[in-house]
Amino acid sequence: MKISVIGTGYVGTVSAACFAELGHDVICVDIDQSKIDQINAGIPPIYEEGLSELLKKHAGNRLSATSDYDFAVTNSEVSFICVGTPSDAEGSIDLGIVKAASQSLGNSLKNKKEYHVVVVKSTVVPETTEKVVLPIIEKHSEKKQGEFGIAMNPEFLREGKAVYDFMHPDKIVVGALDKKSGDIVASLYRGIKCEITRTNPRTAEMIKYANNAFLATKISFANEIGNICKMLGIDTYEVMEAVGKDFRIGRHFLNSGAGFGGSCFPKDVKALIGKAKEIDYEPQLLRSVIEVNERQPLRMVELLKNRLGELKGKKIAVLGLAFKNDTDDIRESRAIPVIRELLDVGAIVSAYDPMANANMKRLFNSIEYYSSTGDALRGADACLIMTEWNEFKSLDNEFEVMKKKLIIDGRHMLGHVKNIEYIGLCW
Ligand code: UDX
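166 is the number of the first residue of the sequence shown in my numbering; add one for each residue after it.
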């Protein structure tokens with residue numbers, strides 16, 4: 166089929182490339198000319214494993230990019246809205262970009278005679294497709310729902326593994342108001358072996374939030390149990406290993422540590438809290454999930470203060486700046502509140518991350534960044550491990566260069582190092 170994808174961020178670009186790989190003709194739409202040029206040249210505007218190969222294979226062939234909505238809508242049968250949904254000052258969802266994209270799509274649909282389906286893929290709070298996107302498109306296209314189709318099709322892609330997750334999903338959810346548009350969207354995934362869950366748009370929207378909120382809850386739960394374990398001298402990883410054997414629970418996402426970051430969990434849980442507030446429901450559990458997550462990284466600094474006392478003038482090495490391993494993304498990274506707190510109390514911070522130094526430098530310009538663990542550790546009074554990078558697991562002699570041999574591990578990376586004081590955050 167012929168597809169247009171609005172927005173060339175991480176979800177849009179990955180979806181466009183994967184739909185092309187499935188045999189569809191795809192037109193990407195963005196207002197940023199540099200991203201359009203990059204995609205047309207077969208260069209991904211973001212880093213994702215496997216994406217570069219797909220763009221090289223399909224750009225200029227089954228895949229192209231443009232800023233022209235009319236061209237994209239005329240030359241496609243389905244349009245996916247894949248634009249960003251940032252948080253507003255209170256943490257609730259800001260639908261400004263979704264509204265703008267809906268308006269542009271509506272304007273382009275006005276002159277189109279053939280049936281066209283608009284699909285929301287951006288993560289939007291329940292009711293958005295029906296109560297925000299649909300009315301805007303109806304107004305600007307001067308058409309009624311039925312003359313065009315409308316659907317909601319959430320994504321569940323992990324950053325870094327997004328291409329793999331798109332091609333090997335454990336669920337595909339299609340929420341539509343009418344059978345015809347739902348059938349068209351479902352047919353796009355024919356090349357993928359996965360059962361398709363068919364439902365209405367607001368349920369599809371909620372499935373995405375419930376999914377992420379549950380995973381975030383699992384992590385905060387593991388962290389709370391971990392904090393209690395720590396005080397009782399119990400290794401929470403041993404506890405969760407056994408607990409995870411219960412098939413109703415499962416072992417995934419029970420790794421306690423410095424908490425969750427990234428572009429999804431914190432934002433999505435807060436957006437769901439905002440939606441609940443809007444309908445006068447007090448989401449106690451979701452609020453606690455966020456509160457535990459906000460306190461968790463600061464517990465690293467508390468452990469440090471308990472051990473070293475006054476931190477003013479002390480050199481603290483922070484290993485790991487990205488919100489998780491294998492990415493340069495620092496959004497909501499748990500290293501951010503830790504570095505902020507260390508600077509507030511007058512500590513000297515030396516930092517190292519295999520990929521994220523440059524991004525963190527934009528946020529904290531005054532700290533020292535190093536290109537190796539050894540350099541960051543030289544002369545340090547303590548070291549904090551903030552990200553689950555694989556290379557941290559094998560650290561050993563590198564700690565020799567520290568002034569005081571003290572490690573506080575926020576990701577359960579170490580434990581075997583000799584002649585060094587090791588403190589686990591929750592174990
Ligand atoms: C997540 C979801 O997994 C994905 O389905 C959704 O579409 C987007 O959000 P992502 O943000 O890429 O994906 O990262 P993920 O691997 O889920 O990790 C999120 C955060 O949780 C990281 O900061 C990670 O360090 C933390 N985490 C994860 C834990 O602290 N403990 C765990 O057991 C697992």
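Each residue gets a CB set at the ideal place from its N, CA and C atoms; glycine is no exception.
Would you list the one or two residues that DSSP bridges to residue i?
i, result
"I171", "V194, I246"
"L484", "Y517, I550"
"L219", "Looking at the DSSP assignment, L219 forms no beta bridge with any residue, so it has no partner."
"Y587", "I572"
"F313", "Q310"
"G340", "M317, T364"
"E533", "S515"
"T231", "V194"
"S252", "I258"
"V284", "F245, A316"
"A224", "L228"
Measure the Cβ-Cβ separation of residue i and residue j and say whether it is below 8 Å.
i, j, result
"P366", "A423", "no"
"L450", "I573", "no"
"T250", "P210", "no"
"L484", "C429", "no"
"K479", "A500", "no"
"F313", "L274", "yes"
"V248", "A266", "yes"
"L419", "M396", "no"
"I196", "A230", "no"
"E320", "K358", "no"
"C183", "C394", "no"
"E242", "V194", "no"
"R452", "I438", "yes"
"K304", "G271", "yes"
"N377", "S421", "no"
"G256", "K435", "yes"
"V328", "L216", "yes"
"Y402", "H577", "yes"
"C454", "T362", "It should be noted that the sequence gives Val, not Cys, for residue 454. Cβ distance not < 8 Å, so V454 and T362 don't count as in contact."
Rounded to whole angstroms, what is the Cα-Cα separation between residue i and residue j?
i, j, result
"V297", "L260", "9 Å"
"E586", "L486", "22 Å"
"S515", "I481", "6 Å"
"E622", "R323", "What is shown of the chain runs 166 to 592, which leaves residue 622 out entirely."
"L579", "D561", "9 Å"
"G427", "K326", "14 Å"
"S385", "D233", "44 Å"
"A369", "A316", "9 Å"
"D509", "V466", "11 Å"
"F425", "I414", "19 Å"
"N490", "N276", "47 Å"
"N240", "Y374", "32 Å"
"K167", "S244", "9 Å"
"S537", "E556", "11 Å"
"N522", "I349", "44 Å"
"V263", "E295", "13 Å"
"K526", "K477", "22 Å"
Keeping to the same chain, check which residues put their C-beta closer than 6 Å to that of residue i; ignore five residues upstream and five downstream.
i, result
"F529", "I504"
"P431", "E497"
Can we count residue i as close to ligand 3, meaning its CB is less than 7 Å from some heavy atom?
i, result
"R452", "Ligands present in the displayed structure are limited to ligand 1, and ligand 3 is not among them."
What is the C-beta distance between residue i and residue j, in whole angstroms, given that I count them as a contact (C-beta under 8 Å)?
i, j, result
"I204", "A224", "6 Å"
"V284", "I246", "7 Å"
Leaving out five residues before and five after residue i in sequence, what residues of the same chain have Cβ atoms less than 8 Å from its Cβ?
i, result
"I588", "L468, R472, L571, I572, I573, D574"
"G594", "Absent from the model: residue 594. The displayed extent of the chain is 166 to 592, so no value can be given."
Counting only the same chain and skipping the five closest in sequence on each side, list residues whose C-beta sits under 7 Å from that of residue i.
i, result
"M371", "P291"
"A545", "K480, I481, A482, S515, M567, K568"
"W554", "G485, N490, P519"
"G539", "E563, V566"
"S269", "Y234"
"S346", "V282, G314, I315, A316"
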